[in-house]
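In terms of our numbering, the sequence shown opens at residue 26 and continues consecutively.
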Amino acid sequence: MSVTPSPILVALDYSNLDDALRFVDRIDPAQCRLKVGKEMFTLFGPSVVRTLQARGFDLFLDLKFHDIPNTTAHAVAAAAELGVWMVNVHASGGARMMQAAREALLPFGKDAPLLIAVTVLTSMDEEDLRGLGITLSPAQQAERLARLTQQCGLDGVVCSAHEAAAFKQAFGSEFALVTPGIRPAGSDAGDQRRIMTPLQAKQAGVDYMVIGRPVTQSADPAATLQQIITSLQEA
Ligand SMILES: O=c1ccn([C@@H]2O[C@H](COP(=O)(O)O)[C@@H](O)[C@H]2O)c(=O)[nH]1
């Protein structure tokens with residue numbers, strides 16, 4: 026596995042593999058890691074993971090497993106067999122599910138991927154939670170699920186950058202915070218609700234910031250990625 030200090034995870038959400046690879050071939054594994062999610066994995070299967078790994082990139086396989094403990098454990102082990110750097114489950118699958126996922130990685134030892142859990146999707150706001158019968162704020166619900174995740178022995182959580190400072194305080198520096206909903210100033214929020222700029226996210230203490238459409242849908246994705254990296258270095 027290559028070592029890169031970059032905090033950026035590019036969400037490689039493309040429906041066309043050639044378009045994705047055209048972008049990937051213009052960037053360097055030292056600039057970012059890549060996140061393969063449900064769209065590309067469903068379209069192209071495990072081979073897309075191998076294709077990107079062969080180019081030297083660390084991969085976050087963002088399939089957000091949420092199932093019974095046995096199924097989730099086997100899915101997480103299958104992700105580990107692929108040699109991905111990070112894999113995730115939904116914390117709302119509960120403690121037994123998360124513990125089963127963690128235990129499924131024990132045979133992989135030091136080669137196991139990081140295992141993290143999604144708290145509250147960054148596309149969700151207070152009203153969305155009300156619709157699910159949850160009366161806590163997104164930050165409160167995310168904290169509740171992050172605490173459960175840590176108690177289950179996972180490596181970190183997906184949360185919004187809005188929660189990062191409080192979570193670093195509550196859960197310590199070793200508990201990884203992965204934050205989608207990153208939007209450079211002036212870019213379209215789209216379906217995201219709890220957003221922050223890359224600089225704000227860095228200042229809030231996030232470990233890894235996930236950036237998708239602001240990069241991949243720009244006229245020049247490689248140049249846009251470099252601009253974001255430069256803006257973080259200059260800060
Ligand atoms: O809470 C979450 C969990 C995962 N995601 C994923 O991150 C990217 C974000 O892409 P943008 O284009 O920058 O919005 C996408 O792949 C989501 O599936 C998330 O947004 N929020």
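Ideal Cβ positions, reconstructed from N, Cα and C, are used throughout, including at glycine.
Everything numeric in this text was worked out from a predicted model, so none of it was measured.
Spatial neighbours of residue i within its chain, please: CB distance less than 8 Å, with the 5 preceding and 5 following residues excluded, ordered by chain position.
{"i": "ASP136", "result": "ALA105, GLY108"}
{"i": "ALA125", "result": "PRO94, ASN95, THR97, ALA98"}
{"i": "GLN166", "result": "THR144, VAL145, LEU154, ILE159"}
{"i": "LEU161", "result": "LEU154, ARG169"}
{"i": "ARG127", "result": "LEU140, CYS177, GLY178, LEU179"}
{"i": "ARG121", "result": "PRO94"}
{"i": "ALA191", "result": "ALA164, GLU168"}
{"i": "MET221", "result": "SER185, ALA186, HIS187, THR204, GLY206, ILE207, ARG208, ALA229"}
{"i": "GLY215", "result": "ARG238"}
{"i": "LEU130", "result": "VAL101, ALA102, ALA105, ALA137, PRO138, LEU140"}
From the DSSP output, read off the bridge partner residues of residue i.
{"i": "VAL203", "result": "VAL183, TYR233"}
{"i": "PHE82", "result": "According to DSSP, which records beta bridges pairwise, PHE82 is partnered with nothing at all."}
{"i": "MET111", "result": "PHE85, LEU139"}
{"i": "VAL61", "result": "LEU86"}
{"i": "VAL35", "result": "LEU59, ILE236"}
{"i": "LEU221", "result": "It should be pointed out that residue 221 corresponds to Met in this sequence rather than to Leu. DSSP, once it has assigned bridges, lists ILE207 as partnering MET221."}
Return the residue from the list the options that minimises the CA-CA distance to residue i.
{"i": "VAL143", "options": "ALA79, ASN113, GLY237, ALA186", "result": "ASN113"}
{"i": "ASP150", "options": "VAL240, ARG218, GLY237", "result": "ARG218"}
{"i": "LEU140", "options": "ALA98, ALA45, ALA244, SER162", "result": "ALA98"}
{"i": "VAL203", "options": "MET221, ASP216, GLY215, VAL183", "result": "VAL183"}
{"i": "SER40", "options": "ILE52, PRO30, PHE66, ARG127", "result": "PHE66"}
{"i": "LEU173", "options": "ILE207, ALA191, MET123, PHE90", "result": "MET123"}
{"i": "VAL35", "options": "ILE236, GLN242, ILE253, ASP232", "result": "ILE236"}
{"i": "PHE196", "options": "ALA102, PRO223, LEU179, GLN258", "result": "LEU179"}
{"i": "ALA45", "options": "PRO246, ARG155, THR222", "result": "PRO246"}
{"i": "ILE253", "options": "PHE48, VAL49, GLY181, GLN56", "result": "GLN56"}
{"i": "THR76", "options": "LEU37, VAL101, TYR233", "result": "LEU37"}
{"i": "ASP213", "options": "ARG238, GLY156, PHE192, PRO30", "result": "ARG238"}
{"i": "GLN228", "options": "ALA103, HIS187, ALA120", "result": "HIS187"}
{"i": "ALA210", "options": "ALA164, PRO223, ALA189", "result": "PRO223"}
{"i": "PRO32", "options": "ARG58, GLY215, VAL101", "result": "ARG58"}
{"i": "GLN194", "options": "GLY215, VAL231, ARG208", "result": "VAL231"}
{"i": "MET111", "options": "GLU152, LEU42, ARG47, PRO138", "result": "PRO138"}
{"i": "PHE48", "options": "GLN251, THR255, ALA189, ALA102", "result": "GLN251"}
{"i": "ALA102", "options": "THR255, LEU42, PRO30, GLY134", "result": "GLY134"}
Whose C-beta lies closer than 7 Å to the C-beta of residue i among residues of the same chain, with five residues either side of it excluded?
{"i": "SER27", "result": "With a pLDDT of only 45 at SER27, under the threshold of 50, the placement of this residue in the model should not be trusted; the figure read from the coordinates follows. Correct list, in chain order: PRO54, GLY81, ASP83."}
{"i": "VAL74", "result": "VAL61, LEU84, LEU86, LEU107, VAL109"}
{"i": "ARG51", "result": "ALA247"}
{"i": "SER243", "result": "THR249"}
{"i": "LEU257", "result": "PRO223, LEU224, LYS227"}
{"i": "PHE200", "result": "GLN175, GLY181"}
{"i": "LYS63", "result": "LEU88"}
{"i": "LEU295", "result": "Nothing about residue 295 can be reported from this structure: the residues present for the chain run from 26 to 260 only."}
In chain order, what residues of the same chain lie with their CB nearer than 6 Å to the CB of residue i, ignoring the 5 residues before and after it?
{"i": "THR147", "result": "SER185, PRO205, GLY206, GLN217, ARG219"}
{"i": "GLY118", "result": "HIS91"}
{"i": "LEU170", "result": "ALA116, THR144"}
{"i": "THR241", "result": "none"}
{"i": "GLY156", "result": "none"}
{"i": "TYR233", "result": "PRO32, LEU34, VAL203"}
Give a yes or no on whether 8 Å exceeds the smallest Cβ distance from residue i to chain C.
{"i": "VAL114", "result": "Although the question refers to chain C, the structure presented lacks it and comprises just one protein chain."}
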